[in-house]
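Worksheet: the structure to be examined is printed underneath.
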Amino acid sequence: MRFVDAICKKREGGELSDEEIREMIADYVSGAIPDYQMSSMLMAVFFNGMSDRELTSMTLAMRDSGDIVDLSSIPGVKVDKHSTGGVGDKTTLIIGPIVAACGIPVAKMSGRGLGFTGGTVDKWESIPGYETALSMETFFKAVREHGISLVGQSGDLAPADKALYALRDVTGTVESIPLIASSIMSKKLAAGADKIVLDVTVGTGAFMQEYDRAKELAERMVAIGNGAGKETVAMLTDMNEPLGYAIGNNLEVKEAIAMLHGDGPEDLKEICYALAGMMISLAKDGVSYEQGIEMAKEKIADGSAWEKFKEVVGNQGGDLSYIENPEKFPVAPCTSELVAGKSGYISWINTMDFGLAAGMLGAGRAKKDDVIDMSAGIIMKKKLGDQVSEGDVIATLHAGSEEKLETALKHLKSGAYRIEGEKPAPLKLIYEVIR
Ligand code: URA
C-alpha cells in the first residue's frame, strides 16, 4: 500500500483495514514510514478517531511489535494494575504488598515519571540499593519464591508505543483517546498478566480533566482488554487534588510506609483498598469486590502487607534500615512554605501545577537524562475543603537549592489553588467502576 493513501483515507473519516494498520505499525517501527508521514496520520486520528475494530487492531499490532512476557510458568491468576497518571500516586508501593500478602502472585512492571506525573520506578529507586532493572529470569524467580516482584519495564515491550509516544509528544497528539488507549493497553497486554485493573484518573491532575472523556477512555480500554481475552475492569478515580499529602520520591515512600503501618491519609487508604480489593476479587474465585476490600484492610491491620513490603525491598537489594527507620532517608537542604494570602476554604487545586512544581524542585525530569533529586518535592499541609486563616501554611516545598524553591513557589502562587468563602462540597474518590 502507499501510506499516503491510508493517510488520506483517515483524513476523510474512513476506516483503515486490519492489514493497513498492521503494515503501518510494522513499517513505522522498521523506519520504512518516516516521522513526517506518521505525524500526519496521528493528526488525522486525533481529529477523526478510530472505530473499535481499528483500535483493537492497532493495539494488538503495537503489542506484537516487541517482546511479550509469558507469566504462565508462575502458578495462580496474575492481576496487573495500571494508573493513567496522577500526582502523589504511590498506590503500587502499597497495593503490591497487600495483594501478595493475600497469596496472589504480583509480577508488576512500572514506569518512570512522565510530564507532571510521578513514576513508580523512580519512587522505588529512592530506597538506597533497590534494584528495578532485574533480568526476566531473576524477576520470575522472585515472583516464584517471594510471591512478588516490583520492577521497571524490562525487555523490549511494545517498541511501537515507545516510538509513537515520542512522536505524539512533539506533534500535539498526546491527548487523543484512541492513541492513549492503544498506548496503555499495548504495554499492559505485552506485560503478560491474566487480568487487568485500570485506575483511570479524572480531574485537574489527570490526562483527562473532563469526566465524559475519562469515562470514554476507560470504556475503550476495557473493551480492548476484554476483546484480547484478559478480563479488564476500570475504576474512575478522582485526581482533583494530590493523592495523600506527599509529592516527590522519598517523601512518597515515607507516606507509603506510614500507610503500610495503618497510618496513611484517608484518601490514599480509600483508593488503595478499592484497587487492591478489585484485584483480589478478580484473582480469587468467589470473592466479591467488597470482600476483597475487607481482605485488603486485614492485610494492613495484621502487619502482613508491611512484612511483604520488607520482603520485596530486601529481595531486590534495598537497604532495610531506611524503611525500618524512615528518618534515615536524605532530607532536602532547603525548604520554604506556600502560605494562604487570605482566610477561607481551599476550594480548588490545580493538581497538575503541584506536579509541575514538584518537578521544578527536582522530583522529576525536564529532559530524559536529568537526574532526580530523591528528597525533593512537596508536602501538602491542607487539602480541598480545609479551612485556612491568612498566613497558614498550605504546603511545604523541599529542594536542593534556593533557586529551585523560588521557581516552584512562583509557579504555585500564580494560580495553582483558590481560597473562597464557601466550603466546597466534598468530592467522591471513586466515581464509577466499568467492567
Ligand atoms: N500513559 C501512557 O502510557 N500512554 C499515554 O498515551 C498516556 C499515558
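Note that the sequence shown ends on residue 441 in this note's numbering; no numbers are left out. Every residue, glycine too, gets a C-beta built ideally from N, C-alpha and C. Please read these numbers as outputs of a predicted model, since none were measured by experiment.
Strand pairing of residue i, partner residues [DSSP]
{"i": "residue 401", "result": "344 and 386"}
{"i": "residue 395", "result": "In the DSSP output, where bridge partners are listed per residue, residue 395 has none listed."}
{"i": "residue 440", "result": "240"}
{"i": "residue 204", "result": "88 and 240"}
{"i": "residue 426", "result": "351"}
Cα-Cα separation, residue i to residue j
{"i": "residue 314", "j": "residue 247", "result": "29 Å"}
{"i": "residue 97", "j": "residue 12", "result": "41 Å"}
{"i": "residue 423", "j": "residue 93", "result": "15 Å"}
{"i": "residue 44", "j": "residue 255", "result": "35 Å"}
{"i": "residue 142", "j": "residue 160", "result": "7 Å"}
{"i": "residue 123", "j": "residue 400", "result": "20 Å"}
{"i": "residue 250", "j": "residue 208", "result": "16 Å"}
{"i": "residue 2", "j": "residue 136", "result": "Look at the range of the chain in this structure, 7 to 441, and you will see that residue 2 is not part of it."}
{"i": "residue 23", "j": "residue 145", "result": "38 Å"}
{"i": "residue 181", "j": "residue 297", "result": "36 Å"}
{"i": "residue 402", "j": "residue 29", "result": "51 Å"}
{"i": "residue 40", "j": "residue 83", "result": "41 Å"}
{"i": "residue 75", "j": "residue 319", "result": "23 Å"}
{"i": "residue 60", "j": "residue 125", "result": "30 Å"}
{"i": "residue 372", "j": "residue 360", "result": "15 Å"}
{"i": "residue 353", "j": "residue 420", "result": "16 Å"}
{"i": "residue 432", "j": "residue 426", "result": "15 Å"}
{"i": "residue 202", "j": "residue 235", "result": "11 Å"}
{"i": "residue 367", "j": "residue 411", "result": "6 Å"}
{"i": "residue 348", "j": "residue 245", "result": "25 Å"}
{"i": "residue 109", "j": "residue 204", "result": "21 Å"}
{"i": "residue 191", "j": "residue 128", "result": "22 Å"}
{"i": "residue 183", "j": "residue 70", "result": "21 Å"}
{"i": "residue 131", "j": "residue 380", "result": "8 Å"}
{"i": "residue 356", "j": "residue 86", "result": "29 Å"}
{"i": "residue 179", "j": "residue 189", "result": "12 Å"}
{"i": "residue 225", "j": "residue 19", "result": "22 Å"}
{"i": "residue 150", "j": "residue 80", "result": "6 Å"}
{"i": "residue 303", "j": "residue 16", "result": "49 Å"}
{"i": "residue 338", "j": "residue 26", "result": "53 Å"}
{"i": "residue 220", "j": "residue 89", "result": "12 Å"}
{"i": "residue 395", "j": "residue 350", "result": "7 Å"}
{"i": "residue 239", "j": "residue 435", "result": "17 Å"}
{"i": "residue 162", "j": "residue 72", "result": "6 Å"}
{"i": "residue 440", "j": "residue 171", "result": "26 Å"}
{"i": "residue 9", "j": "residue 38", "result": "10 Å"}
{"i": "residue 317", "j": "residue 51", "result": "46 Å"}
{"i": "residue 211", "j": "residue 322", "result": "31 Å"}
{"i": "residue 167", "j": "residue 397", "result": "47 Å"}
{"i": "residue 185", "j": "residue 374", "result": "22 Å"}
{"i": "residue 57", "j": "residue 21", "result": "7 Å"}
{"i": "residue 452", "j": "residue 95", "result": "For the chain, the structure presents residues 7 to 441; residue 452 sits outside this window and is missing."}
{"i": "residue 301", "j": "residue 438", "result": "21 Å"}
Among the options, nearest to residue i - alpha-carbon criterion
{"i": "residue 111", "options": "350, 286 and 301", "result": "286"}
{"i": "residue 113", "options": "58, 77, 291 and 132", "result": "77"}
{"i": "residue 36", "options": "295, 358, 323 and 165", "result": "165"}
{"i": "residue 64", "options": "305, 394, 33 and 357", "result": "33"}
{"i": "residue 199", "options": "223, 289 and 242", "result": "289"}
{"i": "residue 195", "options": "237, 183 and 172", "result": "237"}
{"i": "residue 369", "options": "294, 414 and 333", "result": "414"}
{"i": "residue 336", "options": "259, 304 and 273", "result": "259"}
{"i": "residue 252", "options": "172, 241 and 274", "result": "274"}
{"i": "residue 358", "options": "307, 193 and 121", "result": "121"}
{"i": "residue 158", "options": "138, 67, 52 and 169", "result": "138"}
{"i": "residue 363", "options": "383, 374 and 376", "result": "383"}
{"i": "residue 99", "options": "299, 334 and 306", "result": "306"}
{"i": "residue 67", "options": "7, 176, 193 and 340", "result": "193"}
{"i": "residue 55", "options": "173, 140, 169 and 223", "result": "223"}
Is the number of C-beta pairs between the segment 386 to 397 and the segment 344 to 356 that are closer than 8 Å three or more? yes
Is the segment 145 to 155 close to the segment 99 to 110, with three or more CB pairs under 8 Å? The segment 145 to 155 vs the segment 99 to 110: in contact.
In the segment 108 to 165, which residue ranges form an unbroken alpha helix (DSSP H) of at least 4 residues, counting only runs that do not cross its ends? 126 to 131 and 142 to 152
Which residue spans inside the segment 244 to 321 form an unbroken alpha helix (DSSP H) run of at least 4? 255 to 266, 272 to 289, 295 to 307 and 310 to 321
Determine, using beta-carbon pairs with one atom in the segment 115 to 129 and one in the segment 217 to 235, whether at least three such pairs fall under 8 Å. no
Given 8 Å as the limit, is there contact between the segment 307 to 323 and the segment 262 to 277, that is, 3 or more CB pairs closer than that? yes
Could you check whether the segment 315 to 330 touches the segment 214 to 221, counting it as contact only if at least three pairs of C-beta atoms, one from each stretch, sit closer than 8 Å? no
Can you confirm whether the segment 275 to 282 touches the segment 405 to 419 when touching is taken to mean that 3 or more C-beta pairs between the two stretches lie within less than 8 Å? no
Alpha helix (DSSP H) segments (min. 4 residues) lying fully within the segment 43 to 79: For the alpha helix (DSSP H) assignment, the uninterrupted runs of no fewer than 4 residues enclosed by the segment 43 to 79 are, from N- to C-terminal side, 58 to 69.
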